[in-house]
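Since the structure comes first, as structure tokens, the remarks are kept for the end.
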Amino acid sequence: TLYTGSSDKTVRVWKWQTGEGFQEDENSPFLGHKYGVTCVRVSKKGDLLASSSVDGTTILWCTTTGTRRQLLVQDTGEPVRSCAFSPDGAILVTGADSGAACIWDNNSYQLIRVLHHHSDAVHSVCFSPDSQLLLSGCTMGNLRIVLNFWPETAVADAGESSSEEEALVNLDAAHDLGVFGADFSSRIITCNNNKNTIYTLATCGTDHLIKLWKIISTQPEKGSLRGYQPIIIVEKITTVLAHGSTVTSVRFSMGGLMLASGSLDKSVKLWTSQMHCKATLTDHTRYVNCICFNSDGMIMCSGSNDRLIMVWDVLGTLTLQSDIARPHTILSNLTLNMHLPDKYLCPITHELMVDPVICEDGFVYERNAIESWFESGNMRSPMTNADIKSTELEPNEELRVEIQQFAEMND
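One rule links them: number in the working numbering = place in the sequence shown (from 1) + 1090.
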């Protein structure tokens, strides 16, 4: 099963049909978000799907029926850029433009804690494979690592801000101009009578780089003043100039044998665990903003602003008749509004504009959409996340006439 989210506000479900490829499921699409979907994640059990959105919410869905389990509202209501389930299924974390990361209990759906370790948008959150560590990265370029331990008493204090001291690791300027993706390898090494645990982390950002990190967690000696908190040491393994533009996403395959990366340069790359480039895929015509592997690492998916999801046979052993996937599938059903030029669509609603206006950030929006954006308290650009000081809007009369003429010609 493949789950996709889009700026058209929908979450879609695709099932593989032998001989036909991916077909949209009868319960698809999942509808509930007011603005574009920024991230979708499935719990390890596969029974729960989380979708985060620019509308400031994260929705939990039942993957079997498509029904909505719970609506989670970010503490400040700002756009949510990232979400992740802990591998043990206990919690969900959501990262937002405000720099806050919200920790949610997956059983009660209660807000456990709000972490304020960043001053800029949190575009990446991920857990170590044993659920012990939580990492977050922001557009300022900083990384934070915290211990995934939230006592029951924390629920009562959910509205309180956590202190900077709660972060076990504060790694500033990990990527120049911003962190956009991070992922832990599922491979863990334990040594010294299980006192040391070694993790591998990949991060990427606006600097066109991918960095691999070794994270060593050492359990404190009995009677230590540190209590249960481990000692964390972070060592950079390697830095690779991976793409010709911002690297938007990095994901390990199961077992950590391969790493995939996507970029604004429109390409997808496959890397060995030693960061040797195995393949460069250039089929997308616009920038690539998400990638993922299936559970056995045989299939990789890439999503792009060309409105295509491409599914790749990593090992080259699958066919259309396989039970899983064919070598290269393009989900043409995702090309909604393909006949519409991008400049005619509002970046917020992803719908044809009727009254286009120019905002202070230089982008064009539908008037009602950007006014609603401001009224909800968002004073940052929906496109760049930069602060907006003026809510004055300038009508784009030339574009309005062009859209009207286009609509009349295609009526």
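A virtual CB, placed ideally from N, CA and C, is assigned to each residue, including glycine.
Cβ-based neighbour list, residue i, same chain, cut-off 6 angstroms, excluding 5 preceding and 5 following
i, result
"CYS1129", "SER1142, SER1172, CYS1173"
"ILE1323", "ILE1306"
"LYS1124", "ASP1145"
Pick from the options that is closest to residue i, judged by C-alpha positions
i, options, result
"VAL1378", "VAL1337, MET1390, MET1365", "VAL1337"
"PRO1119", "SER1096, ARG1397, GLY1109", "SER1096"
"LYS1099", "ASP1145, GLU1488, GLY1111, VAL1236", "ASP1145"
"LEU1138", "TRP1402, GLN1160, PHE1270", "GLN1160"
"SER1480", "GLU1487, GLU1488, SER1471", "SER1471"
"LYS1285", "PRO1320, LYS1304, VAL1259, LYS1301", "PRO1320"
"LEU1354", "ALA1369, VAL1183, ARG1376", "ARG1376"
"LYS1356", "LEU1092, LEU1349, ASP1373", "ASP1373"
"VAL1269", "THR1287, THR1091, ARG1234, CYS1281", "ARG1234"
"GLY1467", "TRP1106, THR1166, THR1155", "THR1166"
"THR1329", "CYS1380, ASN1232, LYS1359, GLN1364", "GLN1364"
Cβ-based burial, residue i [other Cβ within 10 Å; buried from 16]
i, result
"ARG1341", "buried"
"PHE1464", "exposed"
"PRO1437", "buried"
"VAL1491", "exposed"
"MET1469", "exposed"
"LEU1405", "exposed"
"LYS1301", "buried"
"HIS1366", "exposed"
Proximity of residue i and residue j at Cβ, strictly below 8 angstroms
i, j, result
"VAL1079", "ASN1117", "Residue 1079 lies beyond the range of the chain shown here (1091 to 1501); nothing can be said about it."
"SER1226", "HIS1208", "yes"
"ALA1140", "GLU1168", "no"
"HIS1298", "LEU1261", "no"
"VAL1447", "VAL1454", "yes"
"ARG1277", "GLY1387", "no"
"THR1296", "HIS1265", "yes"
"THR1147", "VAL1170", "yes"
"THR1094", "GLY1352", "no"
"TYR1289", "SER1343", "no"
"ALA1272", "CYS1216", "yes"
Cutoff 7 angstroms; reference residue i; Cβ partners in own chain excluding five residues on either side
i, result
"GLY1179", "SER1133, LYS1134, LYS1135, ASN1196"
Residue i (DSSP reduced to helix, strand or coil)
i, result
"MET1348", "strand"
"GLU1254", "Unreliable placement is indicated for GLU1254, whose pLDDT of 45 sits below 50; no coordinate value is reported for it."
"ASP1273", "strand"
"ILE1460", "helix"
"GLU1114", "strand"
"VAL1404", "coil"
"PHE1383", "strand"
"PHE1453", "coil"
"LYS1433", "helix"
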